[in-house]
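The structure appears below as structure tokens.
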Amino acid sequence: MMIDLFLLSADYKNEAEVGEALAEAFQTRLVKREDLFITTKASYHGHVVEACKDSMKKLQLDYLDLYLVHFPVATRHTGASNLPFHHSYISFSPVIGHLSKTLAGVGETGSALGDDGVLDIDTTISLETTWHAMENLVSMGLARSIGISNYDIFLTRDCLAYAKHGVCVTAHTPLGGAVANTEWFGSVSCLDDPVLKGLAEKYKKTVAQIVLRWGIQRNTVVIPKSSKLDRLEENVQVFNFELAKEDMDLIKGIDRNYRTNQPAKFWGINLYA
Numbered sequence: 001m002m003i004d005l006f007l008l009s010a011d012y013k014n015e016a017e018v019g020e021a022l023a024e025a026f027q028t029r030l031v032k033r034e035d036l037f038i039t040t041k042a043s044y045h046g047h048v049v050e051a052c053k054d055s056m057k058k059l060q061l062d063y064l065d066l067y068l069v070h071f072p073v074a075t076r077h078t079g080a081s082n083l084p085f086h087h088s089y090i091s092f093s094p095v096i097g098h099l100s101k102t103l104a105g106v107g108e109t110g111s112a113l114g115d116d117g118v119l120d121i122d123t124t125i126s127l128e129t130t131w132h133a134m135e136n137l138v139s140m141g142l143a144r145s146i147g148i149s150n151y152d153i154f155l156t157r158d159c160l161a162y163a164k165h166g167v168c169v170t171a172h173t174p175l176g177g178a179v180a181n182t183e184w185f186g187s188v189s190c191l192d193d194p195v196l197k198g199l200a201e202k203y204k205k206t207v208a209q210i211v212l213r214w215g216i217q218r219n220t221v222v223i224p225k226s227s228k229l230d231r232l233e234e235n236v237q238v239f240n241f242e243l244a245k246e247d248m249d250l251i252k253g254i255d256r257n258y259r260t261n262q263p264a265k266f267w268g269i270n271l272y273a
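Every letter in the sequence shown is one number past the one before it in UniProt numbering, and letter 31, counting from 1, is 31.
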């Protein structure tokens with residue numbers, strides 16, 4: 001079964017453009033709202049309800065399928081973008097992939113860093129306070145599901161332990177972040193791994209497809225980002241084959257405990273992302 005998934009954020013600065021495309025798609029009956037799963041993230045401040053309503057207004061939606069706490073820290077609420085990244089969205093559908101020609105790559109750059117390169121953190125806002133506000137969104141009918149994003153490894157492991165209760169784990173940047181993380185953090189691309197290259201040859205697939213399939217068979221949601229239509233189409237072709245158990249174990253065995261996307265290098269705080 002295919003899921004048409006959008007992963008957005010107020011800080012990615014792409015909600016308004018995506019909202020315009022969605023409105024057009026609904027009006028022309030290219031796709032139905034109920035056939036899409038739309039996720040966005042709360043900005044780093046305590047105004048959770050305000051932030052959610054603002055995102056919904058830009059997206060021109062009556063509800064969100066999933067609303068996430070973007071990071072486990074809060075910065076001073078300035079109304080400006082807080083994330084120094086340039087992002088777009090991902091879609092697992094030839095229908096929504098059609099929209100990528102006009103939407104891919106939208107976004108702006110912003111920052112809440114001080115002159116010393118360290119985030120201006122608002123320590124008066126606790127994670128508990130933020131979560132209670134998130135729960136209110138469900139009661140208000142604004143979000144059907146809520147969750148966390150970029151919590152440290154210990155909190156992530158706690159969430160994995162709750163999977164039996166229906167918690168779904170999403171793998172952000174399942175291909176390691178490609179060029180952006182290589183330039184910013186010196187990450188080693190998994191696409192160059194000799195073991196994965198060997199499996200790609202064995203299954204007659206690309207290395208990226210092997211990696212995505214591995215994530216899917218681990219019961220995680222994989223959300224690779226691309227602004228190229230051919231790669232969007234390539235990423236969809238992961239449901240027509242299955243990795244053997246020995247190959248799943250082989251991939252697990254090459255874990256280097258390596259972190260990509262390390263905010264500590266420019267935020268001054270050690271967050272897991």
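C-beta atoms are modelled at their ideal positions from N, C-alpha and C, and glycine is treated no differently.
Item	Value
contact_flag[the segment 53 to 70, the segment 28 to 42] where n(CB pairs < 8 Å) is 3 or more	yes
Separation of S43 from V69, as counted between CA atoms	8 Å
Three-state secondary structure assigned by DSSP to V138	helix
Residue range of the alpha helix (DSSP H) that includes D210	Note that residue 210 is Ile in the sequence shown here, rather than Asp. Where I210 is concerned, the enclosing alpha helix (DSSP H) stretches over 207 to 217.
L199 - containing alpha helix (DSSP H), residue span	194 to 203
Whole-angstrom C-beta distance between P174 and V238, which should lie under 8 Å	So it is not a contact: roughly 11 Å between Cβ atoms.
CB contact flag (I254, W214, <8 Å)	no
Buried or exposed (CB count within 10 angstroms, at least 16 for buried), C190	buried
T124 classed as buried or exposed, judged by whether at least 16 other C-beta atoms fall within 10 angstroms	exposed
Other residues of its chain near L243: CB distance less than 8 Å, five sequence neighbours each side excluded	L199, Y203, I210, R213, W214, Q217, I251
Nearest-angstrom Cα separation, counted from F71 out to M134	13 Å
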